[in-house]
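Trainee:
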Amino acid sequence: MSGLQASPSAAPQPPASKQLTLALIPLGIALNLALGTFIHAIRAPVYLDEVGTACVVMLVGLRAGIVVGVLSFLIGGLITNPVLPWFIGTQIAVAVYVYLVGKRGGYRSWWRAVLAGIGLGVVAGIVSAPVIVYLFGGVTGSGSSFLTAFLLASGKSMLQSVFLSGLAAEPLDKTLQTLLMVYLLRGLPKGLLKHFPNSLLSKNGIGV
Amino acid sequence: MESASEPQPVSFDQKEMLRPYPIIRMLSGALGILAGFWTSDIRILFTAALAVSALVVVAGIGRRYAALCLKVFLPLSLGLLLVWGGIMGAPPGTPIGADRIGGLTFAMLVVLRLLVASGISQLCILAIPSHELPQVLSVCGIKGDLLASVVAAFALVPELELRTQQVLTARYARGLSKNRSFFGLMAHIPLLLRPVLTWTLRSSIHRSELWSQRRLIERLEARSSDLRWSRLASIVWLIPACAWFAYAALARFQG
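Residue numbers (my numbering), protein chains in the order written: chain A, 1 to 208; chain B, 1 to 255.
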């Protein structure tokens, strides 16, 4: 847990080349979508469908991250789960949140990453709740739908139930995803990270 | 000399008959999806879902659509029927337990709308042969960098899925993932993902160099005028979509 502080004198660095950003976007999309299959194969009860988006934001910036998030869910809606495209807004919110937190060094230490993950869960829960209520009638077929049903049975309104079940389930999932993103980026070889000279990485003590 | 019993190769003209103008294809899809969300008559939606399912099978993507139905729509239907038919016992805006049939009908409406929307979007995009996808997207206005990203993403998803399966299999084969309990598997996720991300970044660096050398983006754009589109196929796509959209709009705005 120690030795994770960023160098305060990290100088601004040139962005990754356009070709590299372009080549990373489809791979970020594939990472988002393929991890779903991977997680399904080991039967883990998490989604991990935003790790690719978060990693791309940290590696090459906000615009590429938003493109990865939006295209992931559009393409994922066609080939893996038709529910996904309706949550594009959540992906955009995730990309913006990761960018803003990353700019303030929110992933510099593990405890900061945990706090950032909980915050991300709250943001994702708030952004997703109206879509779940008004489009899906409160249920999307995921595990948190059972919690929604339980809250409905206890007398809460539909919006309250979806919002509360989102707040219960999302922070755990998003904290795991955030910790995983930080762990993965910190474990990358420095020679590889040199190709992605992004100030977000240096502000968070990654690759320095 | 070809014998009469041998199957004849499909001529260019016959192939052309199966190709509506890309804009018409996407417009028909958008109209169909919008009409599905505006329709509140469960019998019409059920008929539309059957028609879309038949078209999906004819287009050759029936197996993928069936997998989606089993993996996504079955649990979604069960959840919605439980919530609206069982727990709430009423559709939205009605006191709890007042109208159980109404609640079940609402649940089925949500499922059928999503089923129709999903089938139509699959017909619009996934039914396009992969070698024609760049041209279709290009005609629809997706050009340059974005076109390269979308086309590459379609190609890379199966490749990365294969890579993740290989990592998982390699770890099992080496005896590195012995504990297959729930917590054991959870603990292994980061270790499993690190080689996948490293491969992803190395691959993107390699691909960016290749793309640059081979001028891939310019070549993708240059291919946009290769194909010819069928006017008849466009009419066949557009008429039912417009008819259903007009019906749904009239039904919605007349109350």
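We put the beta carbon where it would ideally sit given N, CA and C, even for glycine.
If you measure beta-carbon to beta-carbon, which residues of the region 147-158 of chain B are closer than 9 Å to chain A?
Mentor: If the cut-off is 9 Å between Cβ atoms, the region 147-158 of chain B has ALA148, SER149, VAL150, VAL151, ALA152, ALA153, PHE154, ALA155, LEU156, VAL157, PRO158 near chain A.
Trainee: So for TYR47 (chain A), helix, strand or coil by DSSP?
Mentor: coil
Trainee: Write down the C-beta distance between LEU133 (chain B) and VAL151 (chain B) rounded to the nearest angstrom, noting that I regard them as a contact closer than 8 Å.
Mentor: 6 Å
Trainee: With THR90 (chain A) and LEU33 (chain A) assumed to form a contact (beta carbons below 8 Å), what rounded beta-carbon distance in angstroms separates them?
Mentor: At roughly 15 Å, the Cβ-Cβ gap does not stay under 8 Å, so THR90 (chain A) and LEU33 (chain A) are not in contact.
Trainee: How long is the line joining the alpha carbons of ALA233 (chain B) and ILE23 (chain B), rounded to whole angstroms?
Mentor: 12 Å
Trainee: So the candidates are B:LEU197, B:LEU162, B:LEU168, B:ALA173; which of them puts its Cα closest to the Cα of VAL182 (chain A)?
Mentor: The shortest CA-to-CA distance from VAL182 (chain A) to any of B:LEU197, B:LEU162, B:LEU168, B:ALA173 is the one to B:LEU197.
Trainee: Alpha helix (DSSP H) containing ASP173 (chain A): first to last residue?
Mentor: 158-186
Trainee: I'd like to know if the region 159-179 of chain B and the region 166-179 of chain A are in contact, where contact means that at least 3 CB-CB pairs between them fall below 8 Å.
Mentor: no
Trainee: Shorter than 8 Å from the beta carbon of ILE29 (chain A) to some beta carbon of chain D?
Mentor: Note that chain D does not occur in the displayed structure, where the protein chains are A and B.
Trainee: Rounded to a whole number of angstroms, what is the C-alpha to C-alpha distance between GLY29 (chain B) and PRO197 (chain A)?
Mentor: 42 Å
Trainee: Exposed or buried, what is GLN213 (chain B) when buried is set at 16 or more other beta-carbons lying within 10 Å of its beta-carbon?
Mentor: Looking at its Cβ environment, which holds fewer than 16 other Cβ atoms inside 10 Å, GLN213 (chain B) is exposed.
Trainee: Thinking C-alpha only, which one of A:GLY102, A:SER161, A:TYR134 is nearest VAL267 (chain A)?
Mentor: This structure gives no information on residue 267 (chain A), because the portion of chain A shown stretches from 1 to 208.
Trainee: Give a yes or no on whether 8 Å exceeds the smallest Cβ distance from TRP244 (chain B) to chain A.
Mentor: False, the Cβ-Cβ gap to chain A never drops below 8 Å.
Trainee: At the level of alpha carbons, what is the spacing between LEU147 (chain B) and PRO26 (chain A)?
Mentor: 11 Å
Trainee: From the beta carbon of ASN81 (chain A), is the nearest beta carbon of chain B less than 8 Å away?
Mentor: yes
Trainee: Would you say GLU161 (chain B) faces chain A, with C-beta separation under 8 Å as the test?
Mentor: yes
Trainee: Verify whether the separation of the beta carbon atoms of LEU84 (chain A) and VAL56 (chain A) is less than 8 Å.
Mentor: no
Trainee: For SER157 (chain A), which residues in chain B fall below 8 Å Cβ to Cβ?
Mentor: Per Cβ cutoff of 8 Å: no residues; SER157 (chain A) is ~10 Å from chain B at best.
Trainee: What first and last residue would you give for the alpha helix (DSSP H) that runs through GLY207 (chain A)?
Mentor: Unbroken run through GLY207 (chain A): none, as it is neither H nor E.
Trainee: Quick check on DSSP: helix, strand or coil for TRP229 (chain B)?
Mentor: coil
Trainee: Report the rounded CA-to-CA distance for LEU297 (chain A) versus SER145 (chain A), giving the unit in angstroms.
Mentor: Any question about residue 297 (chain A) goes unanswered here, given that chain A covers just 1 to 208.
Trainee: Could you work out which residues of chain B lie near GLY187 (chain A), taking near to mean beta carbons separated by less than 9 Å?
Mentor: Under a criterion of Cβ atoms nearer than 9 Å, the residues of chain B adjacent to GLY187 (chain A) are, in order, PRO190, ARG194, LEU197, THR198.
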